[in-house]
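Heads up, the sequence shown is in the working numbering, so the first residue is 17 and it goes up one at a time. Ideal Cβ placement from N, Cα and C applies to all residues, glycine included. See structure below.
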Amino acid sequence: MEKNINELKEVITHSKRITVLTGAGISAESGVPTFRGSGGIWRNYQVTDVATPQAFARDPELVWEFYNWRRDLISKITFNPGHKALVTLEKHVNDFTLITQNVDGLHREAGSQRLLEIHGNFWEVTCTKCSKVTMDRSQNMGTLPKCSQCGGLLRPHVIWFGESLDPDIIHKAIEASQNCDLMLIVGTSGVVQPAASLAYQAKAEGAVVAEINIEQTPQSGHMDFVLTGPAGKILPMLVEDFN
Ligand code: BJW
Ligand code: ZN
17 MEKNINELKE VITHSKRITV LTGAGISAES GVPTFRGSGG IWRNYQVTDV
67 ATPQAFARDP ELVWEFYNWR RDLISKITFN PGHKALVTLE KHVNDFTLIT
117 QNVDGLHREA GSQRLLEIHG NFWEVTCTKC SKVTMDRSQN MGTLPKCSQC
167 GGLLRPHVIW FGESLDPDII HKAIEASQNC DLMLIVGTSG VVQPAASLAY
217 QAKAEGAVVA EINIEQTPQS GHMDFVLTGP AGKILPMLVE DFN
């Protein structure tokens with residue numbers, strides 16, 4: 017593991033273009049539950065009850081209850097050294113893109129700027145009637161929050177299963193993956209598409225791909241580097257020379 021970290025630090029030093037993809041694992045050390053695995057959100061909630069457009073159409077109160085619980089939880093915690101290390105990396109690389117699947121807003125709070133939130137951000141809400149998107153950081157949005165402009169029902173500004181990602185944002189994410197020298201895949205199980213395919217697209221175009229995760233994933237076998245351990249420990253080690 018020590019050798020791998022030093023070799024990867026060397027690759028980072030020589031990379032002009034770095035793209036990073038993060039998932040729920042990077043926020044785990046802040047106290048945000050991941051989705052899959054023991055202690056994961058999907059152990060207590062059915063995906064089909066709270067994270068599909070059909071679920072929202074059927075029972076918007078239940079879906080809002082789920083998001084209010086997460087808003088409340090995340091409003092009480094903050095970013096961790098893993099998020100901070102990616103801010104440091106961004107400052108030292110000319111061409112840097114951070115793609116996150118997370119909707120918790122912690123990368124932005126930590127100071128990341130070249131950021132693509134491909135699954136949205138749950139501190140924003142969309143009106144189901146007039147489509148207006150607004151920021152609302154309330155810990156609790158109530159059971160059926162309404163648009164101040166038209167009175168329509170609001171929904172979290174996130175991408176649920178079966179919904180298409182914003183074409184402009186996913187296009188930028190694909191471009192950043194296909195045009196980098198190094199791609200870091202951090203804290204994601206690598207099973208949700210289209211995010212999961214970004215690492216393969218980077219590799220197909222000749223990038224070095226490196227995974228940082230506390231356990232092996234279906235993607236580990238395809239990686240040039242597999243660093244096993246918590247992101248909040250490994251990422252700061254990778255950028256320690258930049259501080
Ligand atoms: C640590 C750690 C520490 C812990 N340090 N590591 C092609 C084939 C098959 C299916 C599809 C396909 N294309 C599309 C689909 C359908 C579907 C899909 O992918 N299904 C698969 C699951 C089978 N995709 C979609 O529907 C997407 N839409 C789409 O593609 O539209 C077009 C289309 C539709 C339908 C058919 C075909 C095309 C949309 C996906 C939206 C995902 N939305 C969610 C909810 C967002 C809102 C919210 O959060 O409330 O996004 S689901 C959930 O999963 C969330 C996450 O962003 C996403 C990924 O999860 P992530 O981040 O990987 O978390 P975990 O929990 O899985 O993993 C955590 C990892 O961290 C683990 O590996 C741990 O080991 C690790 N870890 N602590 C480092 N300290
Ligand atoms: Zn409206």
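> Looking at Gln-232 and the ligand ZN, is the gap between the Cβ and the nearest heavy atom below 8 Å?
Replying inline: No, the beta carbon of Gln-232 sits no closer than 8 Å to any heavy atom of the ligand ZN.
> Under the rule that 16 or more other beta-carbon atoms within 10 Å means buried, what is Phe-177, buried or exposed?
Replying inline: If you draw a 10 Å sphere on the C-beta of Phe-177, you find fewer than 16 other C-beta atoms in it, and that means exposed.
> Which whole-angstrom value is the C-beta distance of Val-16 and Ala-218, which I expect to be below 8 Å?
Replying inline: What the structure shows of the chain is the stretch from 17 to 259, and residue 16 is not part of that stretch, so it cannot be assessed.
> Alpha carbon to alpha carbon, how far is Leu-122 from Thr-94?
Replying inline: Approximately 7 Å, taken between the alpha carbons.
> Which residues in the same chain as Glu-133 place their Cβ atom closer than 6 Å to its Cβ, once the five residues preceding and following it in sequence are excluded?
Replying inline: Exclusion of the five residues before and after Glu-133 leaves Thr-116 as the residues of its chain whose Cβ lies within less than 6 Å of its Cβ.
>> Given the structure, does Lys-32 come close to the ligand ZN, in the sense that its CB is under 8 Å from one of the ligand's heavy atoms?
In response: For the ligand ZN, no non-hydrogen atom lies closer than 8 Å to the CB of Lys-32.
>> So, at 7 Å on beta carbons, what are the nonlocal neighbours of Asn-137 in its own chain, with the 5 sequence-adjacent residues on each side left out?
In response: Same-chain partners within the cutoff: Val-119, Gly-121 and His-173.
> How many angstroms separate the CA atom of Asp-65 from the CA atom of Gly-56?
Replying inline: C-alpha separation (whole angstroms): 15 Å.
> In this structure, does DSSP put Gly-136 in helix, strand or coil?
Replying inline: Here Gly-136 carries a strand assignment [DSSP, helix/strand/coil].
> Measuring CA to CA, which of Thr-142, Glu-106, Pro-49 and Lys-148 is closest to Ser-128?
Replying inline: The candidate whose alpha carbon is nearest that of Ser-128 is Glu-106.
> Hey, which residues come within less than 6 Å of the ligand ZN, measuring from Cβ to any heavy atom, in chain order?
Replying inline: Every residue passing the under-6 Å Cβ criterion appears here: Cys-143, Lys-145, Cys-146, Lys-148, Cys-163, Gln-165, Cys-166 and Gly-168.
>> Could you check if Asn-118 belongs to the surroundings of the ligand BJW, using beta carbon to heavy atom distance under 8 Å?
In response: Checking every heavy atom of the ligand BJW against the Cβ of Asn-118, one is found closer than 8 Å.
>> Would Thr-144 and Glu-81 qualify as a contact pair, given that the criterion is a beta-carbon distance under 9 Å?
In response: Between Thr-144 and Glu-81, the gap from beta carbon to beta carbon reaches 9 Å or more.
> How many angstroms separate the CA atom of Pro-49 from the CA atom of Thr-204?
Replying inline: Between Pro-49 and Thr-204, the C-alpha separation is close to 13 Å.
>> Going by DSSP in three states, Thr-142 sits in which element: helix, strand or coil?
In response: In this structure, Thr-142 counts as strand in the three-state DSSP scheme.
> For Pro-246, is the beta carbon positioned less than 8 Å from some heavy atom of the ligand BJW?
Replying inline: Flag set: Cβ of Pro-246 near the ligand BJW.
>> In this structure, how does DSSP classify Lys-162 when only helix, strand and coil are distinguished?
In response: Residue state, collapsed to three classes: strand.
> Shortest alpha-carbon distance to Gly-41 belongs to which of Gly-167, Ala-73 and Ile-201?
Replying inline: By alpha-carbon distance to Gly-41, the top candidate from Gly-167, Ala-73 and Ile-201 is Ile-201.
>> Can you tell me whether Gly-136 sits near the ligand BJW, meaning its C-beta is under 8 Å from at least one heavy atom of the ligand?
In response: Relative to the ligand BJW, Gly-136 has its C-beta within less than 8 Å of a heavy atom.
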